[in-house]
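In our numbering, the protein residues as written are 2 to 269. Beta carbons are placed, not taken as given, at the ideal position from N, Cα and C, and that holds for glycine. Encoded as structure tokens, the structure appears first; notes follow it.
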């Protein structure tokens with residue numbers, strides 16, 4: 002995930018480079034390999050996931066996430082279930098049952114906080130992780146809609162192959178040069194669903210996140226949830242060949258626009 006400073010930097014670059022780069026990134030260009038305009042492709046991807054109007058109208062969402070951890074040999078080493086409640090403009094609250102008890106991580110839009118069995122955690126990494134939870138998951142649940150955010154540099158890459166089938170490839174970055182987050186989305190040309198994501202995160206922004214090389218995940222089992230069409234299973238891999246599984250993430254119990262109060266996200 003990109004931080005606020007990187008977002009400001011990328012916006013500044015847009016201003017200095019002028020209309021040519023802006024036109025390429027926001028309005029797209031024709032890819033010689035696919036013959037499809039980049040922005041037109043993104044429009045189809047957004048429509049296949051519920052449409053931009055649904056995302057603009059979204060004020061809050063809740064869902065359950067179950068993370069199943071795997072060994073390098075693919076054996077299950079444990080599982081953890083979390084309840085996520087997120088609200089537009091950065092608010093988040095995550096409740097996780099851990100081996101040490103109930104962990105609650107919150108962000109009220111300005112300050113992070115965390116408690117473990119009711120005891121406030123004050124370690125800097127614990128607070129940064131609480132902030133990361135809110136920012137990270139609002140972003141991921143907002144894909145592909147957040148590809149239209151200000152500061153996004155969107156490119157269509159050469160078509161690739163996924164599971165023996167040609168796929169479109171969209172790349173998102175936030176800076177034209179230097180360190181940047183990079184997300185590469187592989188899109189099924191029939192359903193326009195995202196099926197494979199490669200992630201490279203800039204190091205030093207969040208504790209324990211980024212700098213260790215790219216990661217890969219397949220997005221599977223798409224289902225209708227409220228106004229959206231969302232993947233409900235994500236398999237995380239340690240290699241581009243997708244032979245070394247590291248985790249499986251399941252999503253469910255989606256709820257949208259239930260009127261989550263701001264008090265829910267404040268520290269107790």
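What do you get for residue i, buried or exposed, if any count of 16 or more other CB atoms within 10 angstroms of its CB means buried?
i, result
"residue 169", "buried"
"residue 93", "buried"
"residue 41", "exposed"
"residue 203", "buried"
"residue 223", "buried"
"residue 112", "exposed"
"residue 219", "buried"
"residue 120", "exposed"
Whole angstroms are fine: how far does the CA of residue j sit from the CA of residue i?
i, j, result
"residue 133", "residue 107", "10 angstroms"
"residue 233", "residue 257", "15 angstroms"
"residue 51", "residue 59", "12 angstroms"
"residue 76", "residue 123", "34 angstroms"
"residue 102", "residue 178", "44 angstroms"
"residue 44", "residue 89", "22 angstroms"
"residue 73", "residue 245", "6 angstroms"
"residue 24", "residue 38", "Confidence at residue 24 is low in this model, with a pLDDT of 34, below 50, so the placement of that residue should be treated as unreliable; the coordinate-derived value is given next. Distance between the alpha carbons of residue 24 and residue 38: 12 angstroms."
"residue 221", "residue 235", "6 angstroms"
"residue 150", "residue 78", "37 angstroms"
"residue 255", "residue 65", "7 angstroms"
"residue 157", "residue 80", "36 angstroms"
"residue 47", "residue 146", "6 angstroms"
Please list the terminal residues of the continuous beta strand (DSSP E) segment that includes residue i.
i, result
"residue 48", "No beta strand (DSSP E) holds residue 48; the alpha helix (DSSP H) holding it covers 39-49."
"residue 194", "It is not in any beta strand (DSSP E) - residue 194 carries neither H nor E in the DSSP assignment."
"residue 239", "Careful: residue 239 lies outside any beta strand (DSSP E) and carries neither H nor E."
"residue 176", "Counting along the chain, residue 176 falls outside any beta strand (DSSP E), and DSSP gives it neither H nor E."
"residue 257", "246-257"
"residue 146", "No beta strand (DSSP E) holds residue 146; DSSP gives it neither H nor E."
At what residues does the alpha helix (DSSP H) containing residue i begin and finish?
i, result
"residue 263", "No alpha helix (DSSP H) contains residue 263, which DSSP labels as neither H nor E."
"residue 128", "125-142"
So residue i packs on residue j, CB below 8 angstroms; how close in whole Å?
i, j, result
"residue 1", "residue 138", "In this structure the chain extends from 2 to 269, so residue 1 is not present and cannot be described."
"residue 117", "residue 104", "5 angstroms"
"residue 61", "residue 267", "Not confirmed; about 15 angstroms, so no contact."
Q: For the stretch 56-117, list the alpha helix (DSSP H) runs that are entirely contained and at least 4 residues long, ordered along the chain.
A: Entirely contained in the stretch 56-117, not one alpha helix (DSSP H) run reaches 4 residues.
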